[in-house]
Amino acid sequence: MKEIMRLMHKSRRKITEIFDCLQTTEGDNVPVTRAFPVSGRMQIDPFLLFDHFGPVYYHPEEATGVPAHPHCGFEAITFMLNGEIEHRDSFGGQADIRSGDVQWMTTGSGLIHSELATETFRKSGGTLEGLQIWVNLPQIHKNVDPSYQHVPMAMIPTIDLQDNAGYIKVIAGEVMGMSSKVKTFSPISIFKVQLSPDATVDLEVKAEQTALIYVLAGAVGLQNSAEMAVKGQMVQFDGDGDLLSLHTNSSSKPVSFIVLAGQPLNQPLARYGPFVASTEAEIEKAVLSYQSGGMGQL
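Each residue of the sequence shown is one higher than the one before, starting from 3 at the first, in the numbering used here.
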């Protein structure tokens, strides 16, 4: 009851935009639903990229993955929904990322990594699906040493909502008094929420932080209004207020969506393929570093 009374004094954010994401393909013809970067929407500060890849089915011996390539200047998050990949990088990071797991890679001054199908997944085949999210690094941390965090599904904090309303997986940040162990370089929150039919959840997001939701399945109601967002759409909220009120209707199947929140960095941005920096000169320096072996070998 105290929590309900406290939330009653919070103000709901207004919806800025509900938009359809771009349908495209990457790599070995993997279907991708891309919120950004796209023409007219290159970033939503501090988030640089949001891709929902798959689902795609592989027969045995078909799955390959993404071979070695460089990155620098941001944090790359992979959240596996189905399937398995093996991460390896030039700074010693290695892990098998299975369904429900998260990898959080700080590319910093630059590294080389690969994400290939595990031997088990390649031999057996199956469905591959996940999320790829890029978060910009503050300028003062652009050149930190690369690092890697692997969070198995069992280690992701889960909140069971009252009255069997659903659950929240806390991938990064804090919500309802439960915190992720993922270390970030700026205030970032990422939650996966699943709601049962005819359920409501109120989520706090600090005022002035960017707030977004992406619908993975079903349709979610927004801010106690008749407006709904459906699978493959992203919702952007304004910066005023500190509450997101989200609900499902009684006829819907369970609904799942991703909540993203983060402090805008309001800093210069330069990007070239897998490289992110603050100036074009820094991009040129990163390319030279990669070409000369400064990002290590894999």
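For each residue, glycine too, the CB sits at the ideal point set by N, CA and C.
For residue j and residue i, the rounded distance between their alpha carbons
| i | j | result |
| --- | --- | --- |
| Ile-142 | His-61 | 46 Å |
| Ser-111 | Pro-189 | 20 Å |
| Lys-4 | Pro-199 | Only weak support exists for where Lys-4 lies, its pLDDT of 49 falling under 50; the value from the coordinates is given anyway. Rounded to the nearest angstrom, the two C-alpha atoms are 25 Å apart. |
| Val-146 | Phe-52 | 23 Å |
| Ala-272 | Lys-125 | 40 Å |
| Pro-33 | His-54 | 8 Å |
| Gly-29 | Ala-70 | 13 Å |
| Gly-67 | Ala-119 | 5 Å |
| His-115 | Pro-72 | 6 Å |
| Phe-93 | Glu-86 | 21 Å |
| Ser-227 | Gln-235 | 17 Å |
| Leu-197 | Val-232 | 14 Å |
| Gln-134 | Ile-260 | 12 Å |
| Glu-210 | Ser-13 | 13 Å |
| Thr-160 | Gly-264 | 20 Å |
| Glu-19 | Ser-294 | 44 Å |
| Thr-186 | Ser-247 | 26 Å |
| Val-237 | Ile-17 | 7 Å |
| Glu-117 | Phe-239 | 33 Å |
| Lys-287 | Ala-65 | 35 Å |
| Asp-244 | Leu-262 | 14 Å |
| Phe-193 | Leu-214 | 11 Å |
Assigned exposure category for residue i - 16 Cβ within 10 Å defines buried
| i | result |
| --- | --- |
| Lys-255 | exposed |
| Arg-15 | buried |
| Gln-164 | exposed |
| Glu-216 | Correcting the residue type first, residue 216 is Tyr in the shown sequence and not Glu. By the neighbour-count rule (16 or more Cβ atoms within 10 Å), Tyr-216 is buried. |
| Asp-91 | buried |
| Pro-270 | exposed |
| Lys-171 | buried |
| Tyr-274 | exposed |
| Gly-175 | buried |
| Thr-281 | exposed |
| Thr-212 | buried |
One or two residues paired with residue i in a DSSP bridge
| i | result |
| --- | --- |
| Met-230 | Gly-223 |
| Glu-117 | Val-68, His-89 |
| His-152 | Gln-105 |
| Met-180 | Val-177 |
| Val-137 | Phe-49, Glu-77 |
| Phe-193 | Val-172, Val-261 |
| Val-203 | Leu-248 |
| Leu-214 | Gln-238, Leu-262 |
| Leu-130 | Val-58 |
| Thr-160 | Lys-171 |
| Asp-98 | Glu-88 |
| Arg-14 | Leu-245 |
Other residues of its chain near residue i: CB distance less than 6 Å, five sequence neighbours each side excluded
| i | result |
| --- | --- |
| Gln-105 | Thr-80, His-89, Ile-99, His-152 |
| Glu-131 | Gly-56, Pro-57, Leu-83, Asn-84 |
| Met-155 | Gly-102, Asp-103 |
| Met-180 | Pro-159, Ile-161, Val-172 |
| Gly-95 | Tyr-150 |
| Tyr-59 | Thr-129 |
| Gln-225 | Arg-14, Ser-247 |
heavy atom of the ligand FMN below 6 Å from residue i C-beta
| i | result |
| --- | --- |
| Gly-75 | Within the structure as shown, the ligand FMN is missing, as the structure has no ligands at all. |
Close Cβ partners of residue i (< 8 Å) along its chain, the five nearest in sequence each way excluded
| i | result |
| --- | --- |
| Phe-76 | Leu-50, Thr-109, Trp-136, Val-137, Asn-138, Leu-139, Val-278 |
| Glu-1 | Lying outside 3 to 300, the shown extent of the chain, residue 1 is not represented and no answer is given. |
| Ala-221 | Met-230, Ala-231, Val-232, Lys-233, Thr-250, Asn-251, Ser-254, Val-257 |
| Met-157 | Lys-183 |
CB contact below 7 Å: residue i versus chain C
| i | result |
| --- | --- |
| Ser-92 | Of the chains in the structure shown, none is chain C; there is only one protein chain. |
Chain-order list of residues whose beta-carbon lies under 7 Å from that of residue i (same chain, five-residue window excluded)
| i | result |
| --- | --- |
| Thr-26 | Val-34, Arg-36 |
| Ser-291 | Gly-112, Met-297 |
| Thr-284 | Residue identity differs from the one stated: residue 284 is Glu in this sequence, not Thr. Excluding sequence neighbours, Glu-284 sits near Ala-272. |
| Phe-38 | Met-44, Gln-45, Ile-46, Leu-51, Phe-52 |
| Leu-267 | Asp-47, Pro-48, Asn-138, Pro-140, Ser-188 |
| Ala-97 | His-89, Gln-105, His-152 |
| Pro-276 | His-71, Pro-72, His-73 |
| Tyr-169 | Thr-160, Ile-161, Asp-162, Leu-163, Gln-196 |
- Please go through the stretch 16 to 96 and give each complete alpha helix (DSSP H) segment of 4 or more residues, from N-terminal end onward. Complete alpha helix (DSSP H) runs here, min 4: none at all.
- Item | Ranges of the alpha helix (DSSP H) found wholly within the stretch 218 to 300, counting only runs of at least 4 | Secondary structure remark: continuous alpha helix (DSSP H) runs of at least 4 residues inside the stretch 218 to 300, in chain order: 282 to 293.
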